[in-house]
Each structure stands twice: as C-alpha cells, then as structure tokens.
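Following: one structure in structure tokens, then a few remarks.
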Amino acid sequence: MCGIIGYTGNENSIPFVLEGIKSLEYRGYDSFGCAFQGKNNNIEIRKDAGRINKIIDNYSLDKEISNKSIAHTRWATHGGVTKMNSHPMLDCSGKIAVVHNGIIENFKELKESLPNHLFSSETDTEVLPHLIEEEMANGKNFEEAVIAVSEKITGFSSFVVMNADSDNIIAVKSGSPLVLGVRDKGMFVASDVPSFLKYTNKVVYLSDGDVIAINKAGFKILKSNNPTKHKVREVTFSIADIDKGKYKHFMLKEIMEQQSLVSKLVNSDLSYIKNAASLVSLSKRVFLLGSGSSFHIALLTANLFRDLGKDAIAVQPQDLLNYSKTISKEDVFMIISQSGETMDVIESLPIIKDNKKIGIINTEGSTLANVVDYFINVNAGHEKGVAATKTFTMSAILSCLIAMFSAGEEREALNDLNLLNINLYNLFVPSVYKTIKDTALILKKEKDIFFLGRGNDYISAMEAALKMKEVTYIHSEAIDSATFKHGPLALISKGTYSVALVSDRFKDREINNLKEIKARNGKIIGIANEKMDVFDVFIRSQPAGIFSFVPQVILSQLLSYYISLSKHIDPDHPRNLAKAVTTK
Ligand code: GLU
1 MCGIIGYTGN ENSIPFVLEG IKSLEYRGYD SFGCAFQGKN NNIEIRKDAG
51 RINKIIDNYS LDKEISNKSI AHTRWATHGG VTKMNSHPML DCSGKIAVVH
101 NGIIENFKEL KESLPNHLFS SETDTEVLPH LIEEEMANGK NFEEAVIAVS
151 EKITGFSSFV VMNADSDNII AVKSGSPLVL GVRDKGMFVA SDVPSFLKYT
201 NKVVYLSDGD VIAINKAGFK ILKSNNPTKH KVREVTFSIA DIDKGKYKHF
251 MLKEIMEQQS LVSKLVNSDL SYIKNAASLV SLSKRVFLLG SGSSFHIALL
301 TANLFRDLGK DAIAVQPQDL LNYSKTISKE DVFMIISQSG ETMDVIESLP
351 IIKDNKKIGI INTEGSTLAN VVDYFINVNA GHEKGVAATK TFTMSAILSC
401 LIAMFSAGEE REALNDLNLL NINLYNLFVP SVYKTIKDTA LILKKEKDIF
451 FLGRGNDYIS AMEAALKMKE VTYIHSEAID SATFKHGPLA LISKGTYSVA
501 LVSDRFKDRE INNLKEIKAR NGKIIGIANE KMDVFDVFIR SQPAGIFSFV
551 PQVILSQLLS YYISLSKHID PDHPRNLAKA VTTK
C-alpha cells in the first residue's frame, strides 16, 4: 500500500502536501515523490528512493511554491525500490502526472497496447499517465480520458492525476482508500483524514467507482455508483489524537493509550453492541473473519462463542473459499479489520454476499465499513505504529462483548470489563516496567524465542509472537504448550528462551509443560498473575476474567517495543511492512 496526498487551491500547496505525506509514511516508506505545477505551468517532479525527510532536504523541496501538487510514499509491488520506479509517473509529454495506490492486474496487456509510448519504469502504475495521454490524443478531454482509463484497468487501484493544462486534480477510487478534505480556499485529496486534519476537519468519504475532480472552488463528481453519498461531514477526532505527544514513538504512545481507551469504553453507552449481538443470536453459526492480529481476535472470540454454546469458526479470508459449500444464509459474519481496507478480506466478500455482516473496524468511511450491514466503530483513534496495539485490544474487547451480549451474559461481561479497567491501573507500575526493560536487554541477543500458552493463552502467545517478529526481527514462534512435547521440545537446548503466558484456566497443566522445558535447561520468562518457581523471570500480569488476554498482550507489546529500541530499530517503521495490507 502507498500513501497519497494532493492539494489545489489559492494557497501554497507544498507545505500542505509535505506535512501530509510525512504523516502517511506509516502506509509505506520505500520511496517518496512529489509533482507540482511549476512557474511556466509545466509539471515539476522531485522523487527518489529512501525516506521522505532526506529526499525533501536533498531537493530543497520545502523552498518550492505552487498552488497545485500531489505527493506519494511508496510500498513497492511492481518494480524495485529505485528512483525511476518512484511515483509520480509521467506521460511522454510530461504534462500528466499520476500517483497510485494498488495493483493494475492487466498492466502488461495495457502496456503492449501502447507501443509508441516511452516507458521509463518497471511499475504497473506507469501505464496510467500514458493511457490518459492516449485517450486525450484520440479526442477526449482530460476528465473523459481519466474516466475511460478507470474503466480499462482491472484490480483494485486508486489514483490521483494532475494535468499541467487543467485546474483540476482528478481522483479515482477503487479498493484503496481516498478521502477529500474541504477547505475555504482549496481542496485536499488523500489516503486518510489525519494527513490534512490540521487544515480542515470537513471531509467527504469516497466510494469505490468514484471519479472526482477537485479544484480551488470545490469538488465535482464526474462518475459515481453512489452519487448521493458525497456529504461533507465534520470528523470528531482532533489533531491532538494523531500527535506523538510526549512519546518518542507512536508505538509506545499507542500502547499507553490502551488504559484510557478501556476506561472510556467502560463509561460509554454500549447499546450499539446489543444491536449487533441480536443479529448474532438470531444466526445459526458465526464466522469470524480477519487477517494478522485481526485473525487472533477472531480466534479468541470463536473460543468464547463456543464456551457460550454457540457454533463459531475463525477463518482467514484466503481460506474462506474452502468453507463456501458449508456456509448457509443463516450464518452471520463478523469481519475484523483495523483499516477497513484489508484486500484479502475485500476479495473474499463475493463468497458471503448473501450473509449478514457485522464489521468491527477502526476506520469510518473505509471500504469494509461501507459494505457491512452493521458497522461497529472501534473508536481507538488513529493508529500510526505499523504493529497493531490499541486497535488489537479495543477490537478484541468489542468482539468479545458482542459474543457475551448475544448469549445474554451482559452482566458478567460488564463485570469483567470493570475488572479489566481497574487492573490496567495495577498493570502499569514502575516495577513491571523495570522488569520488562531488563528482560528486553536479555532477549535482544536471541535469534529464536518461543511463546507458549494453552487455550486463550495460546492465542495471546500468537499475538505476542507476531509483535515480536514485526518490531524486533527476532524469529518468534507461538506454540500450544500442550503440543510442545509432540515435537517442538526438540528445539530446546541450554539457554533457549520461551515466554510463557499463564492465566488461571489451565495453570496447573501449563506448569507441567514448562517443567519439561526447565528439565532441558531452557529458560522461561513468565507473564502471569502470580510468581511461579518455574519462571526465570516473572512479569506480573493482572486478572480480568474473559479479558485476561488484554494485560498479557499489553505486556508483550511493551517487551517487543523495548527490544526494538535496544536493537536500534524504529518500531514505528519496521522493514518491509506497511500498516494496512491492501495487496493480495
Ligand atoms: N503498484 C504500485 C507500485 O508498485 C503501487 C504500490 C502500492 O500501492 O502498494 O509502485
């Protein structure tokens, strides 16, 4: 996935798009580029591989002045990370500039249909400016040409086009997110709201199929499947929500925010959960769909549903086809997605077109939020750290609340939520930080770490291992403690570290498994509610009933964060990753 921002209006657009694109860096950070209207109405391009700040400095881009510009931060899918493959891409005349987020599946055929055009990159994106040029050479005006091109490409692709001879910037949305920002003196188009929130809180969410022109006077719908949907709305979150504040990294800020988010949830009106829960209670079976951390939430919730006597299955979207013959109309789907743009999930939607869908999603206006029957806004605020932290916790809590409410266990659910709220205060104490920081210094030298647990503790272990991989690059593997002796135990030798997650349900059995590791001279870091002899290091978690996974996961997030710091890795920008996976 990539980040896109554009501005056109009566003000200098350069500071707007540079500030905006830096805030979009979480979406990809291979390369950066900017196109702006030059003094002679020509298009100027500055682009390169590498991090945004450095490229801006190298080209003194912040000294430029222009009323119209577009910028892009890339996460490469087609073609290496090079200057030539960086966006924006130009047509042969140098008058049409395009930035693009997505994949053009038929780009090879399209490229072959343009034998007289000169291509200078290996990207799929480059066909776009040349196709627009070709359509215009065949007599279409700029707007008609972009519409025609949007109809020729296949796959999910959103893109933004600038033309040296037009006041309009044109945005095409399909799959990847695009939103407009409305300002008195001009208009933004961008991949997310926070990238321009400092300058306007008035937004228009775009839908797939939209082709929209913006200029200093406002926006015009050139083509849309939902022409009535383009209301200007005011967003409720503020710039303070998207700032690092006193923290060095977004990841730490977002880990620390979890406590206040839980407390906000405890004090909020939860009637919207009841509506989703009644949809679930009327269903025959619940499918929970998610990728990455969201799949772990699906697994946790499916366990809970089954404990409550409801048939439930957690599925990753790529496996859904395998279930298609068993899905009936009476089955309800709970879709979990932080961004609401996860491509694997979007692609699986045709399989479940006849089923009722509840979306547990953190991004209002996103593709998935727009297609579900019932949208539960996770309301965790914008998450900028690439590794999911607060969105994992809050989505998981909401998902479990739906399960409990659907089984008539509201009172028990709210008691556990209150317990969690209280015990998160007890979790964040100086002695725990000290242990975590000391443990980080021990583990930073490791090449492999195992995460162990049984039942839900095993799922917490999966989430903990994923965080460790993402921000520390240490090979980390979650293994069900019960299956450890069926093979993986062979991996333990003197000094091998395992992190054991132990809550109360299977405690005794878990301890027996851990003893088997100790007998092979393995070392054990225990994340548990009480100290046990089998632990070499003890990190104190807190009980929270059905939400006991929350404190465990928060502690493991902190552990990964501090290991990342001690290895001089930037935890907000781990290599090769991007925040939402908008590719297949
Ligand atoms: N396919 C384009 C490229 O490789 C855009 C990538 C993306 O959106 O992730 O440059």
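The sequence shown lines up with residues 1 to 584 when you count with the UniProt record's numbering. Backbone N, C-alpha and C define an ideal beta-carbon position, used for all residues, glycine too.
- The residues A387, S560, S564, P571 and P574, in chain order, have a CB closer than 6 Å to that of V471 in the same chain once the five nearest residues on each side in sequence are set aside.
- Comparing alpha-carbon positions, the option among P543, D354 and G487 lying closest to E516 turns out to be G487.
- When only Cα atoms are considered, G408 and I402 end up about 10 Å apart.
- Across the structure, Y458 and M334 are spaced so that their CA atoms are roughly 22 Å apart.
- The Cβ neighbour count for S13, taken over all protein chains shown within 10 Å, is at least 16; the residue is labelled buried.
- As the crow flies, the alpha-carbon of N201 is around 30 Å from that of S293.
- Below 8 Å, too few C-beta pairs join the stretch 253-268 and the stretch 215-234 to call them touching: fewer than three.
- With a cut-off of 7 Å, the C-beta of H249 is classified as distant from the ligand GLU, since no heavy atom of the ligand falls inside that distance.
- Counting along the chain, M532 sits inside no alpha helix (DSSP H), nor does DSSP assign it H or E at all.
- Rounded to whole angstroms, G385 and I313 show a C-alpha spacing of 29 Å.
- Put simply, of D91, G28 and I4 the residue whose alpha carbon is nearest the alpha carbon of E44 is D91.
- One Cα belongs to S166, the other to I56, and the distance between them is close to 26 Å.
- In the three-state DSSP reduction, S31 falls in the strand class (E or B).
- Shown here, L222 sits in a strand according to DSSP, grouped into three states.
- About 20 Å separates the Cβ atoms of A544 and S406, ruling out a contact at the 8 Å cut-off.
- When Cβ pairs closer than 8 Å are counted between the two stretches, the stretch 423-430 is seen not to touch the stretch 285-302, the count staying below three.
- Looking at D124, V280, A71 and P194, the one whose alpha-carbon comes closest to that of S31 is A71.
- The beta carbon of D62 is closer than 8 Å to those of I14, P15, L18 and I56 in its chain, skipping five residues each way along the sequence.
- A straight line joining the alpha-carbon of K356 with that of P317 spans about 16 Å.
- Restricted to the UniProt domain "SIS" (439-574), the alpha helix (DSSP H) segments that are unbroken, complete and at least 4 residues in length are 456-472, 481-484, 507-519 and 549-566, listed in chain order.
- For I402, no beta strand (DSSP E) encloses it; the enclosing alpha helix (DSSP H) starts and ends at K390 to S406.
- In this structure the stretch 352-367 does not lie against the stretch 520-531, because fewer than three pairs of beta carbons, one per stretch, are closer than 8 Å.
- The stretch 97-108 and the stretch 124-136 touch, with no fewer than 3 CB-CB distances between them shorter than 8 Å.
- Beta-bridge annotation (DSSP): M187 is paired with T8 and V182.
- In the three-state reduction of the DSSP assignment, E44 falls in the strand class, which pools E and B.
- Excluding residues up to 5 positions away in sequence, E330, D331, V332 and K356 lie with their Cβ nearer than 8 Å to the Cβ of S283 in the same chain.
- DSSP, reduced to helix, strand and coil, places Q316 outside both helices and strands of the structure shown, so it counts as coil.
- T73 has its CB no nearer than 7 Å to any heavy atom of the ligand GLU.
- Boundaries of the alpha helix (DSSP H) harbouring R411: E410 to L427, taken from the DSSP string.
- A direct Cα-to-Cα measurement between E64 and K216 gives close to 19 Å.
- For I360, the secondary structure class from DSSP, reduced to helix, strand or coil, is strand.
- According to DSSP, S158 shares a beta bridge with N101.
- The DSSP-derived three-state label of K384 is coil.
- For E143, the closest C-alpha among the options K68, F219, P88 and K108 is that of F219.
- Nearest C-alpha to S191 among V146, D416, L24 and A148: L24.
- No heavy atom of the ligand GLU is found nearer than 7 Å to the CB of I96.
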